[in-house]
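Residue numbers (the numbering used here), protein chains in the order written: chain W, 1 to 70; chain C, 71 to 140; chain Z, 141 to 210; chain G, 211 to 280; chain B, 281 to 350; chain Y, 351 to 420.
Data first, discussion second: the structure below is written as structure tokens.
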């Protein structure tokens, strides 16, 4: 599993950047918690909420990398 | 459901930027917790507070994208 | 209720910027938890502490918008 | 009580900037929880730890405002 | 144990940068909690989730250091 | 106790910067919780994990101050 899918932070659009943020959060949580399927209902609610928080941080990095797709 | 409604981080005003931040937080939490209606009283209080936290992070990204509407 | 009071992130001073950060945190928490009076003792202590955390993030954005009132 | 003591983010040194960060975190937590003496042992441990977290975020803003005292 | 493996934030690619972020998070958590093997199932789920959160913050710093590998 | 050891954010290397981040997190937590030895096993696990989180935020500030030691 790649930690950064495609090995690049550059995406064509904000939507693609957001999808990349979700994947990066998912992969990292999966890397540290291989026993759970990430972002499914088998996770407890606290972890799922934390996942959404992590997505927002990853997206901030990706948005800056893409100069906010301006 | 779009992860980034309108597929753009550029908005006409801070108020519109804040509304976009709320939508992005809502959509991401909904994506990871499809069983709950996000930002309603069916969510537990911890998740609702976390949602407000995530909104503040999304808004920071959107505000930078818009050069703070200066 | 406006999400961004005055629809602007620009303020005359750091004190005004901090007050705006408090209002934005308050409005967002109120938007997601209409059943509570925000920043009063009817909130549980965890939510109150989270509110202070969110204020610090909002203020970081507002301070950057104002080029730190330098 | 001022939210931003001195109504300025500019300080003479990193040490002064850190002290300002502590004051701003303290004032905001006090503003939202007037029933407790902030940063004393009358606070529960979770809130005290959160206070340290908030100090780190306030300091990041203050350090940027001062161009890191370079 | 080095806190920053290789004593540099510069990496050849986003994937390498992400791996560095994981190592830095791991080393810091290990430094403060020497009794646990970090990022294994001997950690409780809350700490594992916090580890993923910390990785996202470290990665933001590393990505900026590398000008986002643009 | 100094809040910012050496009263400067400038360090010779990333490793030194990381060590400074650990000291700043330690000093701040100690300032707000004088009853505990910070970063030892006398702290509860939640506080130790929060300490690692705070280190990551302090390090982001220090890294920017040093222009990422590029």
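Note that the Cβ used here is the ideal one computed from N, Cα and C, for glycine as well.
Across the segment 16-32 of chain W, CB contacts with chain C closer than 8 angstroms involve 17, 18, 19 and 22, in sequence order along the chain. If the five residues before and after residue 205 of chain Z are omitted, its C-beta is found closer than 7 angstroms to the C-beta atoms of 149 and 150, all from its own chain and listed in chain order. Between the C-alpha atoms of residue 87 of chain C and residue 413 of chain Y there is a straight-line separation of about 29 angstroms.
Classified as buried, residue 128 of chain C has 16 or more neighbouring CB atoms from the shown chains inside 10 Å of its CB.
Neighbourhood of residue 14 of chain W in chain C, by CB distance below 7 angstroms: 74, 77, 78 and 79, in chain order. Residue 380 of chain Y has its alpha-carbon roughly 21 angstroms from the corresponding atom of residue 307 of chain B. A Cβ of chain B is located within less than 8 angstroms of the beta carbon of residue 50 of chain W.
The residue from Z/146, Z/143, Z/154 and Z/189 with its alpha-carbon nearest to that of residue 216 of chain G is Z/154. With its beta carbon less than 8 angstroms from one in chain B, residue 65 of chain W belongs to the interface.
A Cβ-Cβ distance of about 6 angstroms is found for the pair residue 123 of chain C and residue 190 of chain Z, placing them in contact under the 8 angstroms criterion.
The shortest C-alpha to C-alpha distance from residue 283 of chain B to any of Y/352, Y/353, Y/406 and Y/398 is the one to Y/406. Cβ-Cβ separation between residue 60 of chain W and residue 340 of chain B: approximately 7 angstroms, consistent with a contact (criterion under 8 angstroms). Setting aside the 5 residues that flank it on each side, residue 93 of chain C is surrounded in the same chain by 75, each with a C-beta closer than 8 angstroms to its C-beta; the list follows chain order. A straight line joining the alpha-carbon of residue 67 of chain W with that of residue 139 of chain C spans about 16 angstroms. Shown here, residue 150 of chain Z sits in coil according to DSSP, grouped into three states, outside any helix or strand. For residue 282 of chain B, the three-state secondary structure derived from DSSP is coil. Rounded to whole angstroms, the gap between the alpha carbons of residue 19 of chain W and residue 12 of chain W is 11 angstroms. In the structure shown, the three-state DSSP call for residue 70 of chain W is coil.
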